[in-house]
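In this text, residue positions in the sequence shown follow the UniProt record's numbering: the first is 1, and each later residue adds one. Okay, so here's the structure we're looking at.
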Amino acid sequence: MQTSKDTVFITGASSGLGAALAIRFAEQGAILGLVARRRDMLESLRASLPHPELHSIYALDVNDHAALTAAAEDFIQLHGRVNVVIANAGISVGTLTEFHDDLPVFARVVQTNLLATVATFSPFISHMREHASAHRCRLVGIGSVAGIRGLPGAGAYSASKAAVISYCESLRVELKSSGIKVVTIAPGYIDTPMTQANSYPMPFLMPADRFAAKAVAAIMEGVSYKVIPWQMGVVAKLLRLLPNTLYDLVFSRAPHKSRAGQ
């Protein structure tokens with residue numbers, strides 16, 4: 001059970017999974033630091049939360065690592081300690097390697113989904129080491145079922161999310177003796193503005209508030225890795241077991257996410 005002692009820093013907080021996580025944590029008494037690019041959406045979210053005066057907002061791009069670090073340091077200074085950091089900011093767009101114009105899109109997806117995760121965690125680790133023995137300190141990376149196996153037309157997104165999963169595993173082992181838990185959450189299809197743009201069927205589509213409830217429980221339990229919803233976890237394990245020839249045959253026919261501008 002969360003208490004008012006939980007102090008939570010969330011990137012990509014203005015909509016989708018980030019907003020749903022913010023709402024869930026705030027309902028359980030947490031004090032929040034909310035990061036996203038659009039100040040108006042952050043202001044609106046903060047106003048909707050219990051005790052909005054307790055929560056801080058930081059309007060910035062997570063690819064601006066100096067601004068992100070400054071926000072982290074400000075939030076630590078305000079509250080003395082931070083025990084949950086969720087690197088949720090991410091983007092998804094279709095990419096095809098054959099198009100040279102997609103190279104900068106690949107770079108932007110990897111920068112936002114992977115490098116910004118590293119930049120989000122970095123300012124908090126030494127701080128958390130000082131408090132991990134007394135508080136449940138959690139670094140949370142948001143992966144994806146799309147990171148389990150490469151999906152056609154989603155090379156950048158699949159690669160970036162696979163990298164997040166591996167990176168969080170590396171970090172988890174590095175920090176094992178520190179008392180800081182590194183949690184990887186791998187969402188399946190969750191009903192958010194990101195998935196609402198998809199024109200293809202999305203099995204086991206889950207409302208964002210239900211996702212948030214399950215994710216927050218897993219985070220505070222300190223599980224190392226969790227796929228939500230669980231049905232997609234079963235699917236992911238089965239896909240991992242498929243031989244390449246069969247996987248290639250089935251998924252070469254799968255629908256693609258639209259490329260940028262299409």
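Using N, Cα and C, we set each Cβ at its ideal position, and we do this for glycine too.
The segment 170 to 178 makes no contact with the segment 228 to 242, as fewer than three CB pairs between them are under 8 angstroms.
Ranking Met-41, Ala-30 and Ile-31 by CA distance to the CA of Ala-19 puts Met-41 first. With distances taken between CA atoms, Val-109 lies nearest to Val-93 out of Thr-192, Phe-124, Ala-119 and Val-93. Taken atom to atom, the span from the alpha-carbon of Arg-24 to that of Arg-149 is near 30 angstroms. For the pair Arg-81 and Ala-26, the Cα-to-Cα distance works out to about 17 angstroms.
Secondary structure in the segment 125 to 180: the beta strand (DSSP E) runs of 3 residues or longer, each lying completely within the stretch, are 138 to 142 in chain order. The C-beta distance from Ser-56 to Gly-33 rounds to 5 angstroms, short enough to meet the 8 angstroms contact threshold. Beta-bridge partners assigned by DSSP to Val-105: none are found. Separation of His-79 and Ala-22 (C-alpha to C-alpha, rounded to the nearest whole angstrom) is 17 angstroms. For Ser-158, same chain residues with a beta-carbon under 7 angstroms away, outside a window of 5 residues either side, are Ala-146, Gly-147, Gly-150 and Leu-151 in chain order.
When Cβ pairs closer than 8 angstroms are counted between the two stretches, the segment 63 to 75 is seen to touch the segment 121 to 129, the count reaching three or more. Straight through space, the alpha carbons of Val-182 and Arg-129 are spaced by roughly 13 angstroms. Taken through DSSP and simplified to helix, strand or coil, Leu-21 comes out as helix. Shown here, Ile-57 sits in a strand according to DSSP, grouped into three states. Burial is judged here by how many other beta carbons sit within 10 angstroms of a residue's own beta carbon; Met-232 has at least 16 and is buried.
For a cut-off of 8 angstroms, the C-beta gap from Ala-186 to Ser-144 is around 6 angstroms, short enough to register as a contact. Just so you know, the alpha carbons of Arg-38 and Thr-11 end up roughly 12 angstroms apart.
Here Glu-43 has Ile-57 as same chain residues with Cβ atoms under 7 angstroms from its own Cβ, once five neighbours each way along the sequence are excluded.
Ala-215: member of the alpha helix (DSSP H) spanning 208 to 221, first to last residue. Within the DSSP bridge table, the entry for Val-62 names no partner. Approximately 7 angstroms separates the beta-carbon atoms of Thr-95 and Ala-154; this is inside 8 angstroms, confirming the contact. Lys-226: member of the beta strand (DSSP E) spanning 225 to 228, first to last residue. Taking each of Thr-117, Ile-190, Leu-241 and Val-105 in turn and checking the Cα distance to Thr-184, the smallest one comes out for Thr-117. For Val-250, the enclosing alpha helix (DSSP H) has its first and last residue at 244 to 251. Secondary structure note for Leu-34: its beta strand (DSSP E) is the uninterrupted segment 31 to 36.
As the crow flies, the alpha-carbon of Ala-236 is around 33 angstroms from that of Asp-64. Look at Phe-9 here: in three-state DSSP terms it is strand.
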